[in-house]
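Take 3 as the starting number for the sequence shown in the working numbering and just add one per residue.
Even glycine gets a Cβ: it sits at the ideal position worked out from N, Cα and C.
To keep things clear, I will list the structure first and then write my remarks on it.
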Amino acid sequence: MKITSNFDSGNIEVLSAESPDNIQLAIRKDNQSDFYQWFHFRLNTPHAEPHKMMIMNAGGAAYPDGWKDYQAVASYDRQTWFRVDTEYDGQVLTINYFPEAESCYFAYFAPYSYERHMDLLHQSQADYNCQLVELGETLDGRDMSMLIVGEPAEGKKNIWITARQHPGESMAEWLVEGLIDRLLDEDDGVSRQLLEKAVFYIVPNMNPDGSVRGHLRTNAVGSNLNREWQTPSMEKSPEVFLVRKKMQEIGVDMFLDIHGDENLPYNFVAGTEGVPSYNSRIEQLENTFKQTLVTVTPEFQTKYGYDIDAPGEANMTVGSAWVGDHFKCLAYTVEMPFKDNANLPDEAYGWSDIRSMKLGQDMLTAILAVVDDLR
Ligand SMILES: [Zn+2]
Numbered sequence: 003m004k005i006t007s008n009f010d011s012g013n014i015e016v017l018s019a020e021s022p023d024n025i026q027l028a029i030r031k032d033n034q035s036d037f038y039q040w041f042h043f044r045l046n047t048p049h050a051e052p053h054k055m056m057i058m059n060a061g062g063a064a065y066p067d068g069w070k071d072y073q074a075v076a077s078y079d080r081q082t083w084f085r086v087d088t089e090y091d092g093q094v095l096t097i098n099y100f101p102e103a104e105s106c107y108f109a110y111f112a113p114y115s116y117e118r119h120m121d122l123l124h125q126s127q128a129d130y131n132c133q134l135v136e137l138g139e140t141l142d143g144r145d146m147s148m149l150i151v152g153e154p155a156e157g158k159k160n161i162w163i164t165a166r167q168h169p170g171e172s173m174a175e176w177l178v179e180g181l182i183d184r185l186l187d188e189d190d191g192v193s194r195q196l197l198e199k200a201v202f203y204i205v206p207n208m209n210p211d212g213s214v215r216g217h218l219r220t221n222a223v224g225s226n227l228n229r230e231w232q233t234p235s236m237e238k239s240p241e242v243f244l245v246r247k248k249m250q251e252i253g254v255d256m257f258l259d260i261h262g263d264e265n266l267p268y269n270f271v272a273g274t275e276g277v278p279s280y281n282s283r284i285e286q287l288e289n290t291f292k293q294t295l296v297t298v299t300p301e302f303q304t305k306y307g308y309d310i311d312a313p314g315e316a317n318m319t320v321g322s323a324w325v326g327d328h329f330k331c332l333a334y335t336v337e338m339p340f341k342d343n344a345n346l347p348d349e350a351y352g353w354s355d356i357r358s359m360k361l362g363q364d365m366l367t368a369i370l371a372v373v374d375d376l377r
């Protein structure tokens, strides 16, 4: 029996693996940080019997409530990720698994690999409507890459989309892949009309170092990028520094920052009610966006979400707050569940890579509903 995680976005430590009914594991902390929750490992076993994999330090993870009613994902072919029986006792997360093959992968959510990230960038740039732009380098020497979709022209709105500031939130890049697929579909009326009215600046992965390292929340040196937007630096947070600089060059008329939420079993958005420049114009744009998305997909809802900030109380180091206030534009943090959408549960797969992609496609309809009024 062998458990490994020495691969792209792998994360696990083996404490002991003497017998299938007593496999003791621990999740590694993000480098130079106390955050941990993302796991991704491979089990290789000759035993055709039940396996009990216990993550002994689950109770100390960044969001312990995230383990309640949570089911881990597994895959035999690294393509289809299904849910497996998982229990949490307040300290230990136990994955119960009866192997149907000698090798199986387990993860917190369907991983989005660095190779797939590179494929997404390059398959997109092969489209005449899309351009791949390198903004600079991360601390581990990876490219900070942006896709520009559409032809910049006078009067067009600038719509920015970023994903995976928190690298363990892999559903964010799945959403972006779905959104880009639809945006580049020449037979899609919504996309064609959007590209007549707007140009999209898309950063599919804001944190490639953290993603490859198997981090939950931070970059190579332990910076939580979504707390760096007020004062980013090339030393601590080049990812934010480079994207923010490009935003200031080009301008922003709308911003969506895509995330996953450990606790809540719903898709929702968090707006900028607490920033100084928030006003009724932004509120109206928010309402139109939300109402449209609720109408086009039951995967979205507005009842559950974060508490709304009181006026002036927003944390201005957060991406959507800083961008929304600085550019006086519609800016949302978009959250998807690690668990499932409780309004439309799927026992076999839970919230998934495919459902994230479809939500990304639907999001374009909601953007079309507001695009004329963004500026
Ligand atoms: Zn996040």
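With a cutoff of 7 Å on beta-carbon distance, Asn8 and Ser105 are scored as not near each other. A contact between stretches requires three or more CB pairs, one per stretch, nearer than 8 Å, and the region 279 to 296 fails this requirement with the region 177 to 190.
In this structure, the CA atom of Gln232 is about 8 Å from the CA atom of Gly321.
Met359 is bridged by DSSP to nothing; it lacks a bridge partner. Met3 sits in coil when the DSSP states are folded into three classes, being neither helix nor strand. DSSP, reduced to helix, strand and coil, places Tyr72 outside both helices and strands of the structure shown, so it counts as coil.
In terms of Cβ geometry, Ala128 and His42 do not form a close pair [threshold 7 Å].
Contact annotation, Phe111 with Met173: C-beta distance approximately 6 Å; criterion of less than 8 Å satisfied.
For the options Asp87, Ser77 and Ala272, the alpha carbon positioned closest to that of Glu288 is the one of Ala272. For Val75 and Phe257, the gap between their C-alpha atoms comes out near 31 Å.
With a threshold of 16 other beta carbon atoms within 10 Å, Leu17 falls short and is exposed. Between the alpha carbons of Val205 and His119 lies a distance of about 11 Å. Nearest in C-alpha terms to Arg215, of all of Pro339, Ile163, Trp40 and Asp23, is Trp40.
In this structure, Gln26 places its C-beta atom within 7 Å of the C-beta atom of Met58.
Not one heavy atom of ligand 1 sits closer than 6 Å to the Cβ of Glu251. Around Pro240, the same chain offers Gly138, Glu139, Thr140, Leu141, Met146 and Pro234 as residues with beta carbons nearer than 8 Å, after the five sequence neighbours per side are excluded. Within its own chain, the residues whose Cβ lies closer than 6 Å to the Cβ of Ser35, once the five positions on either side in sequence are excluded, are Thr220 and Gly224, listed in chain order. Nearest C-alpha to Val245 among Thr164, Tyr308 and Ile182: Thr164. Under the DSSP definition of a beta bridge, Ala64 lacks any partner. Under the three-state reduction of DSSP, Lys292 is assigned to helix.
Apart from the 5 residues on each side of it in sequence, Phe100 sits with its Cβ closer than 6 Å to the Cβ of Pro52 in its chain, given in chain order.
Glu237 and Asp374 have their C-alpha atoms roughly 39 Å apart. The C-alpha of Val336 lies about 14 Å from the C-alpha of Val325. Not one heavy atom of ligand 1 is found less than 6 Å from the C-beta of His217. Take Val296, set aside five residues on each side of it, and the residues of its chain with a beta-carbon closer than 8 Å to its own are Phe302, Gln303 and Thr304, in chain order. One alpha carbon belongs to Gln73, the other to His49, and they sit about 23 Å apart.
DSSP places His49 in the coil class of the three-state scheme, outside both helix and strand.
Given a length threshold of 3 residues, each whole run of the beta strand (DSSP E) inside the region 257 to 345 is given here in chain order: 270 to 272 and 332 to 339. For Phe108, the enclosing beta strand (DSSP E) has its first and last residue at Ser105 to Ala109. Contact between Thr294 and Ala368 is confirmed by a C-beta separation of about 4 Å, below the 8 Å threshold. In the structure shown, Met208 falls within a coil segment according to DSSP collapsed to helix, strand and coil.
Exclusion of Glu20 from the 6 Å shell around ligand 1 follows from its C-beta lying no nearer than that to any non-hydrogen atom of the ligand. Under DSSP, Arg44 forms a beta bridge with Thr6 and Tyr107. Val223 carries a coil assignment under DSSP once its states are collapsed to helix, strand and coil.
DSSP, reduced to helix, strand and coil, places Arg85 within a strand of the structure shown.
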